[in-house]
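Student:
Residue numbers (the numbering used here): 16 to 421.
(1) Per DSSP, which one or two residues make a beta bridge with residue 47?
(2) Alpha carbon to alpha carbon, what distance is there between residue 282 and residue 396?
(3) Residues in its own chain within less than 6 Å of residue 95 by CB, not counting five upstream and five downstream?
(4) CB-CB under 6 Å to residue 315, same chain, minus the five flanking residues each way: which ones, in chain order?
(5) Note down the Cα distance separating residue 157 from residue 278, rounded to an integer number of angstroms.
(6) DSSP on residue 291, reduced to helix/strand/coil?
(7) Taking the alpha carbon of residue 10 as the reference point, which residue from 44, 106, 231, 247 has its own alpha carbon closest?
(8) Rounded C-beta distance between residue 411 and residue 385? I'm assuming under 8 Å.
(9) With C-beta atoms as the reference, is residue 254 less than 7 Å away from residue 360?
(10) Just how far apart, CA to CA, sit residue 195 and residue 307?
(11) In the DSSP assignment, what residue or residues form a beta bridge with residue 387?
(12) Are the CB atoms of residue 211 and residue 148 within a distance shorter than 7 Å?
(13) Which of the three DSSP states is assigned to residue 154 in this structure?
(14) DSSP state of residue 72, grouped into three classes?
(15) Can you tell me which of the three DSSP states residue 24 falls into?
(16) In whole angstroms, what separates the C-alpha of residue 392 from that of residue 406?
(17) Within the continuous beta strand (DSSP E) that includes residue 137, where are the two ends?
(18) Tell me the residue span of the alpha helix (DSSP H) that contains residue 98.
(19) With 16 other CB atoms within 10 Å as the buried threshold, where does residue 146 fall?
(20) Going along the chain, which residues of its own chain have a beta-carbon closer than 6 Å to the beta-carbon of residue 220, five neighbours each way excluded?
(21) Tell me the DSSP secondary structure of residue 131 in three-state form.
(22) Just reading off the beta strand (DSSP E) that residue 300 is part of, what are its end residues?
(23) For a quick check, are the C-beta atoms of residue 249 and residue 116 less than 7 Å apart?
(24) Starting from residue 362 and walking both ways along the alpha helix (DSSP H), at which residues does that stretch end?
(25) Locate the alpha helix (DSSP H) running through residue 346, then write down its first and last residues.
(26) At which residues does the alpha helix (DSSP H) containing residue 206 begin and terminate?
(27) Given a cut-off of 7 Å on the beta-carbon distance, is the pair residue 383 and residue 373 in contact?
(28) Using DSSP's beta-bridge definition, name the partner residues of residue 394.
(29) Taking the straight line between their C-alpha atoms, what separation do you get for residue 131 and residue 198?
(30) How long is the line joining the alpha carbons of residue 296 and residue 358, rounded to whole angstroms?
(31) Any idea what DSSP makes of residue 200, helix, strand or coil?
(32) Just mark residue 120 as buried or exposed, buried being the case when its beta carbon has 16 or more other beta carbons within 10 Å.
If you want it as structure tokens, here you go:
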């Protein structure tokens with residue numbers, strides 16, 4: 016048996032390659048989604064079986080006994096395609112005589128319609144998978160999204176608008192390659208409640224990056240502060256080092272204040288999400304302003320008092336507690352119940368908070384590591400310079416449980 020996986024292009028038969036067409040004409044069995052089987056080139060007379068799940072396809076290949084079967088996939092076999100999972104299973108089963116034929120993908124067709132190169136686009140799929148579109152536009156590249164089901168262009172645009180990116184330029188390609196094809200340009204905000212065809216793709220331009228340097232420990236003066244307490248530069252840099260934020264992490268900042276810590280965490284977790292929990296309305300406003308100032312669009316402000324406000328958040332990979340309102344033990348318990356291996360860092364200026372943090376971590380079976388940070392800055396005194404000490408700050412960190420990744 017010689018099995019061929021065929022990329023059918025992004026729509027009409029006009030986007031099928033000649034090599035793919037010949038494979039279909041010579042096949043004795045065609046397997047694929049019903050939509051693909053209904054729009055085959057003229058002359059395809061072999062038997063057809065509708066299936067899209069990998070195990071269903073494998074079962075049909077076994078039962079039908081064909082010698083030249085073809086499995087059909089929309090778009091290109093190499094871009095967010097079910098072909099990859101099928102290939103993996105076939106190779107696990109020892110399959111060797113397999114051909115893979117590419118197709119013209121919707122990203123290629125949209126780029127051609129716009130007269131733009133696409134080699135630097137961030138290729139994403141919101142078709143049948145959870146997709147947070149905001150991080151995709153944060154690395155300086157346009158982001159292309161395959162869409163489908165509930166995650167159509169409007170839903171993605173709503174997510175952009177809710178993150179503060181309502182003015183982000185976007186382009187939607189509907190029914191590409193069909194006679195009623197349409198390509199429309201606008202903004203995320205203007206498209207957030209607009210209806211689009213189910214066969215649509217979305218191109219979102221890159222969010223304008225902040226001009227502020229991106230090395231850890233931004234200068235305190237770079238943040239808008241108002242009258243809200245802020246974690247200072249040296250302590251912030253140390254806390255970020257302790258938390259070791261990774262690009263895809265989900266992070267909580269509880270008692271976020273001005274947002275100085277969560278902004279830096281959001282830029283570090285550029286493919287993840289950071290949730291800033293803050294009960295003071297003035298502080299929530301400052302966090303949003305600093306989010307925009309630094310381009311930390313994957314930062315979500317959660318107004319409310321912890322631990323109650325934590326209930327609906329995704330499980331965290333890392334947690335920073337800068338303020339607890341007297342609820343520290345319950346906050347730490349809530350975090351560790353959601354993820355027992357979460358990396359945790361608590362900032363404290365009083366011995367009582369230090370004791371409460373270490374007790375809560377110990378009670379949960381986590382080993383507490385404590386460091387004290389004492390910072391002094393120079394000040395001029397006539398011809399001389401003196402050091403003025405700030406209040407020492409404790410960082411109480413939870414070491415990862417045995418066997419867990421730090």
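Built from N, CA and C at the ideal position, the CB exists for glycine as well. Keep in mind it's a predicted model, so treat the numbers as computed, not measured.
Tutor: Based on what the coordinates show:
(1) Beta-bridge pairing links residue 47 to 65.
(2) In a straight line, the C-alpha of residue 396 is about 39 Å away from that of residue 282.
(3) Here the set comprises 140, 161.
(4) Correct list, in chain order: 290.
(5) If I take the Cα positions, the gap works out to 22 Å.
(6) DSSP places residue 291 in strand when its eight states are reduced to three.
(7) Outside the shown range of the chain, which is 16 to 421, sits residue 10, and nothing can be said about it.
(8) Confirmed, about 5 Å.
(9) Contact flag set, yes.
(10) So the two alpha carbons sit approximately 39 Å from each other.
(11) DSSP, once it has assigned bridges, lists 409 as partnering residue 387.
(12) Residue 211 is positioned such that its CB atom lies no closer than 7 Å to that of residue 148.
(13) If DSSP states are grouped into helix, strand and coil, residue 154 belongs with coil.
(14) In this structure, residue 72 counts as helix in the three-state DSSP scheme.
(15) Here DSSP, grouped into helix, strand and coil, assigns residue 24 to strand.
(16) Residue 392 and residue 406: Cα-Cα distance of roughly 12 Å.
(17) 137 to 141 is the span of the beta strand (DSSP E), which, as asked, contains residue 137.
(18) Secondary structure note for residue 98: its alpha helix (DSSP H) is the uninterrupted segment 98 to 107.
(19) A buried status is given to residue 146, since no fewer than 16 other beta-carbon atoms sit within 10 Å of its beta-carbon.
(20) When the five nearest sequence neighbours on each side are left out, the beta carbons in the same chain lying within less than 6 Å of the beta carbon of residue 220 are those of 157, 184, in order along the chain.
(21) The answer is coil: DSSP assigns residue 131 none of H, G, I, E or B.
(22) That residue, residue 300, is in no beta strand (DSSP E); its alpha helix (DSSP H) goes 296 to 309.
(23) Not a contact, by the Cβ cut-off of 7 Å.
(24) Not the alpha helix (DSSP H): residue 362 falls in the beta strand (DSSP E), residues 358 to 363.
(25) Residue 346: member of the alpha helix (DSSP H) spanning 343 to 353, first to last residue.
(26) Taken as a continuous stretch (DSSP letters only), the alpha helix (DSSP H) holding residue 206 covers 203 to 206.
(27) Contact flag set, yes.
(28) Under DSSP, residue 394 takes part in a beta bridge, and its partners are 401.
(29) Cα to Cα, residue 131 sits roughly 14 Å from residue 198.
(30) Their Cα atoms are separated by approximately 28 Å.
(31) Of the three classes helix, strand and coil, the one that applies to residue 200 here is strand, per DSSP.
(32) When all chains shown are included, residue 120 counts as buried.
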